[in-house]
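Report on the following structure.
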Amino acid sequence: MCPVIVEVEVEDEPKNKSSPCIFKVIALGDAKHDPEKETASHPLIGMAREAMAKAIHQVGALNVFERNMRFANDDLLREGNFSEVPSMDVLKTAKQQYNQKYRLDEDYFKELRMFRYLTHSIDHSSEHIKGYVQTCGEWLFTVHFFTEAQPDRFANYCKTEKYSYLYVDATGSVVRKLKHQKEVLFYSMVFQDKNSSIMPLSGALLSDHTAASITSYFNCVRNKLAIRSKVARPAFIVTDFSAALINSVLASFNVEKIHNHLRRCYNTLDRAYDTKQLRNMTFVRLCCCHAMKAFSRSLFKLDISKETRHYLMSLFAILLNSTDVEGAFDLYEQIMNIYGNPYFEHSSNALALLLNKSDLSQFDIKPFLSESDVQDDNPNQQDFLDELGITTNPIIHQSPFNVKARARIPALRRVIDKETLNIDL
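Our numbering numbers the first residue of the sequence shown as 156 and each following residue consecutively.
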């Protein structure tokens, strides 16, 4: 505080002495404060510093800063006193010091091995899956982590839910880049049991993002899951367009390749399996959000109107949610007939009519938006596709969906074969 004392003399006292007095103070000359006694910001120390560091770990520095601003004393803030609101730099420093304080060792790899041993040694309740870190490696950097409770909960979920879902994805910017290694990505498997919150089945940190490395992680989870339940498996695994993730899911959960899986999917839609057989299979489903965004990005690259783009997005959403393969082929054929006709001049109007249910006497969109449920365990006699016939041809030529679509839609065949085709958008 400034040691200067200011005396104020009031010439005319107010009539009501309880009323506040307003006066003006003018300082003449230069201020010469003692540097040791100058006003300084209040340091963040003690229990308050540690509590804020813990909060930063949970919700992030920005959320902590906003929370401090929200609950700070307004009178102090108006006077320029921000002691209750440490700056972002102070919060980040507090977090770094907190991390350093509770680290087991300065060497990351040594600390990881110590943490793995520690969690294994103090885990006396788990029967088969001890600790938290199940696999760790330095080169290439590999960490698989989950507890026994996680596979147990997921196994119960698969047993009680007819159509169980497991979501798989990867993201970066979680671990600082390691020297001489590729970026470390965080891989996660999550699920949601009924009305509960989203729960993790397992997680992994990998610097090798090949199908072999990811398959090793998935196999680790599958092996531990089999220890707790030999019959539990997800009905669907939802992922994005990552070829490595898709191939790893198929290799670890079904022991098959994409060619076999496409045939299996076609036969399933063709009612070639009964419910008991389907319970022993896991199917890959592409995330609808990722698919819609990818399709939208492709449309934006084309010189088409906003109205036409809206029509195509709506039709793609119908195809994406269709569970009737014949109906999907019918819709796709009508779309291709519109764009595959070089003499067609009003494609937008035709698409609008296709979306208008009242104008589609022979094509009902509603069934394609509903999920069909297999109630009859007796499989129908269908044209069963050979699931073992694998060639070296590209996937697009081997897919049974593509083979049938090419046979039904001549315009599609010409597009795939890159024949000359004038398409009017």
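Even glycine gets a Cβ: it sits at the ideal position worked out from N, Cα and C.
Beta strand (DSSP E) containing histidine 299: first to last residue?
That run of the beta strand (DSSP E) goes 297 to 300.
In terms of residues, what are the limits of the alpha helix (DSSP H) holding proline 306?
DSSP places proline 306 in the uninterrupted alpha helix (DSSP H) bounded by 304 to 315.
Can you find at least 3 beta carbon pairs, one from the stretch 390 to 401 and one from the stretch 316 to 327, that sit closer than 8 Å?
Output reads yes: the stretch 316 to 327 touches the stretch 390 to 401.
I'd like the span of the beta strand (DSSP E) that includes valine 288, first residue to last.
The continuous beta strand (DSSP E) containing valine 288 extends over residues 288 to 292.
Reduced DSSP category for proline 241 - H, G, I as helix; E, B as strand; rest coil
Look at proline 241 here: in three-state DSSP terms it is coil, with no helix or strand label.
Quick one: Cα of alanine 249 to Cα of valine 329, how far?
Those two C-alpha atoms are separated by around 19 Å.
Along the alpha helix (DSSP H) that carries threonine 326, what are the first and last residues, could you check?
Bounds of any alpha helix (DSSP H) do not take in threonine 326; it lies within the beta strand (DSSP E) bounded by 320 to 326.
Taking the continuous beta strand (DSSP E) assigned at serine 343, which residues delimit it?
From DSSP, the beta strand (DSSP E) with serine 343 extends over 340 to 346.
Are tyrosine 283 and arginine 383 touching if we call contact CB-CB under 8 Å?
This sequence places histidine at residue 283; tyrosine is not what is there. Taking 8 Å as the cut-off, the beta carbon of histidine 283 is found closer than this to the beta carbon of arginine 383.
Those residues which DSSP pairs with arginine 440 across a bridge:
According to DSSP, arginine 440 bridges with Val393.
Compute the Euclidean distance between the alpha carbons of leucine 259 and glutamine 251, then round it to the nearest angstrom.
Going by the C-alpha atoms only, they are around 14 Å apart.
If we count the other Cβ atoms within 10 Å of its Cβ and call it buried at 16 or more, is isoleucine 545 buried or exposed?
Unreliable placement is indicated for isoleucine 545, whose pLDDT of 45 sits below 50; the coordinate value is still reported in the next sentence. It counts as exposed.
Nearest CA to the CA of alanine 381: which residue from Asn402, Phe396, Ala366, Phe408?
The shortest CA-to-CA distance from alanine 381 to any of Asn402, Phe396, Ala366, Phe408 is the one to Phe408.
Sequence-distant residues of the same chain with beta carbon closer than 8 Å to glutamate 164, five excluded per side
Contacts found: none.
Closest Cα partner of glutamate 338 within the set Leu356, Met344, Thr365, Lys317:
Closest option to glutamate 338, Cα to Cα, is Thr365.
DSSP puts alanine 359 in a beta bridge; with which residues?
Answer by DSSP bridge pairing, in chain order: His299, Tyr342.
Closest by CA to arginine 464, which one among Leu474, Ser453, Asn171?
Of Leu474, Ser453, Asn171, the residue nearest in Cα terms is Ser453.
Within 10 angstroms of its Cβ, does lysine 170 collect 16 or more other Cβ (buried), or is it exposed?
Around the Cβ of lysine 170, a 10 Å sphere holds fewer than 16 other Cβ atoms; the residue is exposed.
Could you compute how far the alpha carbon of lysine 412 sits from the alpha carbon of aspartate 458?
Near 37 Å, if we compare the C-alpha coordinates of aspartate 458 and lysine 412.
Euclidean distance between Cα positions of tyrosine 257 and alanine 446:
Spanning the two alpha carbons is a distance of roughly 43 Å.
On the DSSP letters alone, give me the boundaries of the alpha helix (DSSP H) that alanine 432 sits inside.
It should be noted that the sequence gives glutamine, not alanine, for residue 432. Membership of glutamine 432 in the alpha helix (DSSP H) is indicated by the continuous run 430 to 433.
Give me the DSSP bridge partner(s) of methionine 354.
According to DSSP, methionine 354 bridges with Phe346.
At least 3 beta-carbon pairs within less than 8 Å: the stretch 423 to 430 vs the stretch 461 to 475
Taking a cut-off of 8 Å for Cβ pairs, the stretch 423 to 430 and the stretch 461 to 475 do not touch, as fewer than three such pairs fall below it.
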